[in-house]
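Novice: In the numbering used here, the protein residues as written are 3 to 194. Yeah, the Cβ is synthetic: ideal placement off N, Cα and C, and Gly gets one too. All values reported here derive from a predicted model rather than from experimental measurement.
1) So is residue 190 buried or exposed if we call it buried at 16+ other beta carbons inside 10 Å?
2) Return yes when the C-beta of residue 57 is under 7 Å from any heavy atom of the ligand MG, and no when it is not.
3) Using a Cβ-Cβ cutoff of less than 7 Å, which residues in the same chain neighbour residue 52 once the five nearest sequence positions on both sides are dropped?
4) Please report the distance separating the alpha-carbon of residue 28 from that of residue 101.
5) Whole angstroms is fine: what's the gap from residue 46's alpha carbon to residue 157's?
6) For residue 104, which option in 111, 160, 124 has the closest C-alpha, if you only look at C-alpha atoms?
7) Round the Cβ separation of residue 149 and residue 96 to the nearest angstrom and send it over; I've been treating them as touching at under 8 Å.
8) Please state the DSSP three-state secondary structure of residue 153.
9) Beta-carbon within less than 7 Å of residue 3's beta-carbon, same chain only, minus the 5 sequence neighbours each way: which residues are those?
10) Do residue 135 and residue 122 have their CB atoms nearer than 8 Å?
11) Residue 59 to residue 89, Cα distance in whole Å?
12) Among residues of its own chain, excluding the 5 on either side of residue 86, which ones have a beta-carbon nearer than 7 Å to its beta-carbon?
13) Any idea what DSSP makes of residue 4, helix, strand or coil?
14) Using DSSP with H/G/I as helix, E/B as strand and the rest coil, what is residue 43?
15) Assuming residue 138 and residue 26 form a contact by the criterion Cβ under 8 Å, report the distance between their Cβ atoms to the nearest whole angstrom.
16) Report yes if the CB atom of residue 36 is closer than 8 Å to the CB atom of residue 176, and no otherwise.
17) Indicate whether residue 146 and residue 162 have their beta-carbon atoms separated by less than 8 Å.
18) Enumerate in chain order the residues of its own chain whose CB-to-CB distance from residue 9 is below 7 Å, with the five nearest sequence positions on each side excluded.
19) Are the Cβ atoms of residue 114 and residue 93 separated by less than 8 Å?
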């Protein structure tokens, strides 16, 4: 018996149409859809729908910076400020921002929103290793993994690593760092 797919909508917000990370983001979405299909779960990432430099980009970037600054100090919770309307009014389950800022990449659950929605921020490409296409693909896929319910593990040669060593690790046959057996089991449990 086949189950109808549950679509998790992804909105990709980019500062410019020529952003080199767009292809990495699309590839990461395809990677996850292939893994979810392999696991025979109904969930799929839909999109991404790409929006270039929307009018609310500055507000989204400002919120992304506030979260990044706060995230290193405090976990999400009741004291967390609400996301601005410029973020919550966007029509997507996952808002994937290819930031123009050199800030921490992260996936953040938007506070007090049901059903849960996420802001995923991918920092700008600056520095000797950040321009590496493999690193960008893995960072995007790693953060999308959090939106699917995966947590950091302590295995540096896997996709959901913490800390990660993507330049020193060997991708599997998918071209990405592997998922652990426990992560595969968690995805099956979370996305029946």
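Specialist: In short, the structure shows the following:
1) Translated into positions along the chain shown, residue 190 becomes position 188. Burial state of residue 190 is exposed, judged by a 10 Å Cβ sphere holding fewer than 16 other Cβ atoms.
2) Only the bare structure without any ligand can be found here, which leaves the ligand MG out of the picture.
3) Position 50 of the chain shown, counted from the start, is the residue given in the question as residue 52. Once the five neighbours on either side are set aside, the close Cβ partners of residue 52 are 14, 16, 24.
4) Start at 1 with the first residue of the chain shown, and residue 28 comes out as number 26. Start at 1 with the first residue of the chain shown, and residue 101 comes out as number 99. Each residue's Cα considered, the two are about 16 Å apart.
5) Within the chain shown, the letter at position 44 stands for residue 46. Within the chain shown, the letter at position 155 stands for residue 157. Within the model, the alpha-carbon separation for residue 46 versus residue 157 is close to 26 Å.
6) Indexing the chain shown from 1 puts residue 104 at position 102. Comparing Cα-Cα distances from residue 104 to each of 111, 160, 124, the minimum goes to 124.
7) Within the chain shown, numbered from 1, the residue matching residue 149 stands at position 147. Within the chain shown, numbered from 1, the residue matching residue 96 stands at position 94. Going by Cβ atoms, the distance from residue 149 to residue 96 rounds to 5 Å, so yes, they are a contact pair.
8) On the chain shown, residue 153 is found 151 positions in, with the first residue counted as 1. Residue 153 falls in the coil class under three-state DSSP.
9) Within the chain shown, numbered from 1, the residue matching residue 3 stands at position 1. The pLDDT assigned to residue 3 is 36, lower than 50, so where the model puts this residue is not dependable; a value taken from the coordinates is nonetheless given after this. Cβ neighbours of residue 3 beyond the five flanking positions: none.
10) Translated into positions along the chain shown, residue 135 becomes position 133. Translated into positions along the chain shown, residue 122 becomes position 120. No. Outside cutoff.
11) By one-based count along the chain shown, residue 59 stands at place 57. By one-based count along the chain shown, residue 89 stands at place 87. Distance from the CA atom of residue 59 to the CA atom of residue 89, rounded to whole angstroms, is 9 Å.
12) Working through the chain shown from its first residue, we reach residue 86 at position 84. Cβ contact annotation for residue 86 (same chain, cutoff 7 Å, sequence separation greater than five): 61, 65, in chain order.
13) Translated into the one-based positions of the chain shown, residue 4 becomes position 2. Here residue 4 scores only 46 on pLDDT, less than 50, and its place in the model should not be relied on; the value that follows carries that caveat. Residue state, collapsed to three classes: coil.
14) Position 41 of the chain shown holds residue 43. Residue 43: coil per DSSP, three-state reduction.
15) Taking the first residue of the chain shown as position 1, residue 138 is located at position 136. Taking the first residue of the chain shown as position 1, residue 26 is located at position 24. Indeed they touch by this definition, with Cβ atoms about 4 Å apart.
16) As a working mapping, residue 36 is identified with position 34 in the chain shown. As a working mapping, residue 176 is identified with position 174 in the chain shown. Yes, the Cβ-Cβ distance between residue 36 and residue 176 is below 8 Å.
17) Counting from 1 along the chain shown, the entry for residue 146 is found at position 144. Counting from 1 along the chain shown, the entry for residue 162 is found at position 160. With respect to residue 162, residue 146 sits apart: the two C-beta atoms are not nearer than 8 Å.
18) Here residue 9 refers to the residue found at position 7 when the chain shown is read from its first residue. Around residue 9, the same chain offers 46, 48 as residues with beta carbons nearer than 7 Å, after the five sequence neighbours per side are excluded.
19) Numbered from 1 along the chain shown, position 112 holds the residue referred to as residue 114. Numbered from 1 along the chain shown, position 91 holds the residue referred to as residue 93. Cβ atoms of residue 114 and residue 93: not closer than 8 Å.
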